[in-house]
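Chains as they are written, first to last, in the numbering used here: chain A, 1 to 299; chain B, 1001 to 1225.
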Amino acid sequence: MRWLWYLVREAYANLRTNRLTTVVAILTTAFTLACVGIFLLSYVNLRNAANWLQEDIKIIVYLDDAVSQEEVQTLRERLRTDRLVAALRYISKEEALGEFRVQFPTDFHLLEGLGENPLPASFVVTPAPDFRSPEAVARWAERIGGMAGVAKIDYNQEWIDALAEVVRYLELTAIAVGSILSAAAVTIIGNTIRLALFARREEVEILRLVGATGAFIRIPYLLEGAVLGGAGSALALGMLKAGFEVFRHQIGLVGRFHGFEELVSFFPLSVSAAFVAVGMGLGIVGSMISLLRVGERRR
Amino acid sequence: MFVPEAIIQLIHVSKSYDRRAALSDVTLDIAKGEFVLLMGASGAGKSTLLRLLIGEERPDQGQIFVQGKNVGRLKQAEVPYLRRKIGTVFQDFRLLPNKTVFENVSLPLIVQRASMADIRRKVIEALRAVGVEHKKDQFPNSLSAGERQRVCIARAIVNGPVVLLADEPTGNLDPERTAEIIELFKLINARGTTVVVATHDPHVMTLANRRALTLAQGTVVQGPG
Ligand SMILES: Nc1ncnc2c1ncn2[C@@H]1O[C@H](COP(=O)(O)OP(=O)(O)OP(=O)(O)O)[C@@H](O)[C@H]1O
Ligand SMILES: [Mg+2]
């Protein structure tokens, strides 16, 4: 086991002798990966929000003001037996006005000025879980829209679609930014390893002379790369977490967004672990590239 | 007639650097257990020959055998295993300054993943054989040139190699130290290790008083007699 101890100690010695380079490499890797993390975190949260909105979708079937009591009854029966409808609530014109008064107390005088109640009666439909896709809702809305007494069907789909679009763009951006910045991290770590290799070229020469295999010579540098990448990504994760908590605290203070802070979430443990593992992987790749380059020059 | 087993054999070996021949058509045998001096002026090709033997360089032509293995045809991955059978000593010692004498000498064993107990036993044994056991915890920079060369020799023999190659091992030593080191090589040779010492110093040849192969401009001039 002496050899294992030797390899670990070599890697540690590499990190220690080039302390400044090590610190700089870890910091730059951390900032680089934190940038990737910001995109990833926004992406994950917005995607969650889009899914959550889609899950929480409510379809509002507005009724004509001239609708008769029988027509309301027929509609209610029709909707109650529909496969898509999981829950159904009727809101009369008066109830609509009442809700408006509660939600927008300062704007209520605007409606009072009109004299009569301009708000329509409506059915609020909660779709069954199997029918919450945008397509299913759209098809259903088309069918119901043609029925007698129905004025208009509204279900916030434009809003959800727009958000989904943003999520899609963010996904592409995250991939692009992630690739570029990952390449940057690989380069940073690769250069650090190259410096270490250069500083220890004599030692490498002696190891080769006494019969060390290529793998034995490479392992300390691969370990060093893994440590740099792992430490960088762990630090990035720490900075992200800190930034995230500050952000959450701040939006909690803004009254309008109150409650919103409960909806955003940080990476789950598995993703955090994967983030650090990817950082280590990038470090190992950087180290491999440097080892290959130095190896080729020797030939 | 008894033909001793050749442990090193070169058959029509040529090697050029940038079209300039460093060795041309060299054929020679070194028997198992022999002590051979490789003589020749600067640039004669002595170091080139030793580098060929440890797989550091490949011959352009000809064949090189070490213990029956065709060294010129070794795969890159096989070279480390060849080097574990060959001890090498250089004029410039090549010790690691940030490691103690003990650690320096244990390197050939560490790279073979020897056990801690094995390393301890063999390193102490090798250091004792070259007479610097008492310096085992010191760093190379605190040693004299003669002591450093002894440490270097200890590192070369710690593995129990079949062949010991030394390239100008006394180049940095005074005459007294030179004589001691040559005696040491003789001792190692007497225990069964084949020894090849490359030098341009005729004084070493007198001291060693063993078979000499002389190279001049890349060819053997004083035959394997
Ligand atoms: N790596 C190299 N690149 C180019 N030429 C080389 C190289 N190594 C050796 N040579 C040339 O090959 C020839 C033989 O060199 P070598 O080092 O084998 O001589 P030597 O007998 O060991 O000399 P010395 O006693 O000075 O060490 C010389 O002309 C030298 O310049
Ligand atoms: Mg030489």
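The C-beta atom is built at its ideal place from N, Cα and C for all residues, glycine as well.
Note that the structure is predicted; figures quoted are calculated from it, not measured.
Chain A partners of residue i, CB-CB under 8 angstroms?
i         : result
B/VAL1111 : TRP3, LEU207, VAL210, GLY211, ALA212, THR213 and PHE216
B/TYR1081 : GLY211
B/THR1119 : Note that residue 1119 of chain B corresponds to Ile in the displayed sequence, not to Thr. Per Cβ cutoff of 8 angstroms: ARG2.
B/LEU1173 : The premise fails here: B/LEU1173 is roughly 20 angstroms from chain A at the closest Cβ pair, so nothing lies under 8 angstroms.
Just to make sure I have the definition right: I need the residues of chain B whose C-beta is within less than 7 angstroms of the C-beta of residue i. Which are they?
i      : result
A/TYR6 : ILE1110
I think residue i touches residue j, with their Cβ atoms under 8 angstroms apart; what is that distance to the nearest whole Å?
i         : j         : result
A/VAL300  : A/LYS58   : Outside the shown range of chain A (1 to 299) lies residue 300 of chain A, about which nothing can therefore be said.
A/GLU55   : A/ARG132  : 6 angstroms
B/VAL1111 : A/GLY211  : 6 angstroms
B/ILE1064 : B/LEU1052 : 6 angstroms
B/GLU1147 : B/LYS1136 : So it is not a contact: roughly 11 angstroms between Cβ atoms.
B/GLY1087 : B/ILE1157 : 5 angstroms
B/THR1199 : B/LEU1050 : Rounded, the Cβ-Cβ distance is 11 angstroms, inconsistent with contact.
A/ALA196  : A/ASN14   : 5 angstroms
A/VAL264  : A/ASN45   : 5 angstroms
Taking the alpha helix (DSSP H) that residue i belongs to, which residues open and close that run?
i         : result
A/ARG194  : 157-199
A/ARG248  : 214-253
A/PRO120  : That residue, A/PRO120, is in no alpha helix (DSSP H); it is neither H nor E in DSSP.
A/ARG89   : Looking at the DSSP string, A/ARG89 is not in any alpha helix (DSSP H); the run it does join, the beta strand (DSSP E), is 85-91.
A/LEU301  : Here chain A comprises residues numbered 1 to 299, so residue 301 of chain A is not present and cannot be evaluated.
B/LEU1082 : 1079-1083
B/ILE1154 : In the sequence on display, residue 1154 of chain B carries Ala and not Ile. Per DSSP, B/ALA1154 belongs to the alpha helix (DSSP H) from 1145-1157.
A/ARG78   : 69-80
B/ARG1121 : 1116-1130
B/VAL1101 : 1101-1110
The beta strand (DSSP E) spanning residue i covers which residue range?
i         : result
B/PHE1090 : 1086-1090
B/SER1024 : 1020-1031
B/GLY1062 : 1061-1066
A/ASP154  : 150-154
B/PHE1093 : Element bounds for B/PHE1093: n/a, residue is neither H nor E.
B/THR1048 : No beta strand (DSSP E) holds B/THR1048; the alpha helix (DSSP H) holding it covers 1046-1053.
B/ASP1167 : 1163-1167
B/LYS1015 : 1006-1017
A/VAL137  : Not the beta strand (DSSP E): A/VAL137 falls in the alpha helix (DSSP H), residues 134-145.
B/ARG1211 : 1211-1216
A/LEU63   : 59-63
Please report the distance separating the alpha-carbon of residue i from that of residue j.
i         : j         : result
A/VAL285  : A/LEU235  : 19 angstroms
A/ILE160  : A/ALA50   : 6 angstroms
A/ALA185  : A/ALA215  : 24 angstroms
B/ARG1211 : A/ALA25   : 57 angstroms
A/GLY230  : A/VAL278  : 8 angstroms
B/VAL1216 : B/GLY1040 : Contrary to the premise, residue 1216 of chain B reads as Ala rather than Val in this sequence. If I take the Cα positions, the gap works out to 6 angstroms.
B/THR1206 : B/THR1170 : 14 angstroms
A/THR74   : A/GLU99   : 25 angstroms
B/PRO1108 : B/LEU1184 : 20 angstroms
A/GLY145  : A/ALA136  : 14 angstroms
B/PRO1224 : A/GLU203  : With a pLDDT of 47 at B/PRO1224, under the threshold of 50, the modelled position of that residue is not reliable, and the figure given next carries that caveat. Answer to the nearest angstrom: the Cα atoms are 36 angstroms apart.
A/ARG2    : A/ALA164  : 56 angstroms
A/LEU209  : B/PRO1161 : 13 angstroms
A/ARG299  : B/SER1144 : Low per-residue confidence applies at A/ARG299: pLDDT is 48, beneath 50, and the placement is therefore not dependable, though the value from the model is reported in the following sentence. Using only the alpha carbons, I get a separation of about 35 angstroms.
A/LEU79   : A/ILE91   : 14 angstroms
B/SER1115 : B/ARG1121 : 10 angstroms
A/GLU71   : A/GLU142  : 18 angstroms
B/ILE1124 : B/THR1027 : 39 angstroms
B/GLN1076 : B/GLU1057 : 11 angstroms
B/ALA1031 : B/GLY1131 : 28 angstroms
B/HIS1203 : B/PRO1097 : 30 angstroms
A/SER179  : A/GLU171  : 12 angstroms
A/VAL177  : A/PHE266  : 20 angstroms
A/GLY238  : A/ILE217  : 33 angstroms
A/VAL271  : A/ARG248  : 20 angstroms
B/LEU978  : B/ASP1029 : Coverage of chain B is limited to positions 1001 through 1225, which leaves residue 978 of chain B absent and any answer about it impossible.
Mind listing the chain B neighbours of residue i? Cutoff is C-beta to C-beta under 8 angstroms, in chain order.
i        : result
A/GLU203 : LEU1096
For a contact defined as C-beta to C-beta under 7 angstroms, what are the partners of residue i on chain A?
i         : result
B/ARG1073 : None at all; the shortest Cβ gap to chain A is about 17 angstroms.
B/LEU1143 : The contacting residues do not exist; B/LEU1143 stays about 17 angstroms from chain A at best.
B/LEU1023 : Ordered by position in chain A, no residue passes the 7 angstroms Cβ test against B/LEU1023, which lies about 20 angstroms from the chain.
B/LEU1164 : Residues of chain A passing the Cβ test: none, with the nearest at roughly 13 angstroms.
Using a C-beta to C-beta distance shorter than 9 angstroms, which residues of chain A count as neighbours of residue i?
i         : result
B/ARG1084 : VAL210 and GLY211
B/ALA1126 : The premise fails here: B/ALA1126 is roughly 13 angstroms from chain A at the closest Cβ pair, so nothing lies under 9 angstroms.
B/THR1088 : LEU209 and VAL210
B/ILE1184 : For clarity, residue 1184 of chain B is Leu in the given sequence; the question names Ile instead. The contacting residues do not exist; B/LEU1184 stays about 19 angstroms from chain A at best.
B/LEU1215 : Result: empty, since nearest Cβ-Cβ is about 22 angstroms, beyond 9 angstroms.
**Prompt:** Between the region 1037-1057 of chain B and chain A, which residues of the former have a C-beta closer than 7 angstroms to a C-beta of the latter?
**Reply:** Taking 7 angstroms as the Cβ-Cβ cut-off against chain A, none of the residues of the region 1037-1057 of chain B qualify.
**Message:** Under 8 angstroms, CB to CB, which of the residues in the region 1187-1212 of chain B have a partner in chain A?
**Reply:** Residues of the region 1187-1212 of chain B with a C-beta atom less than 8 angstroms from some C-beta of chain A do not occur.
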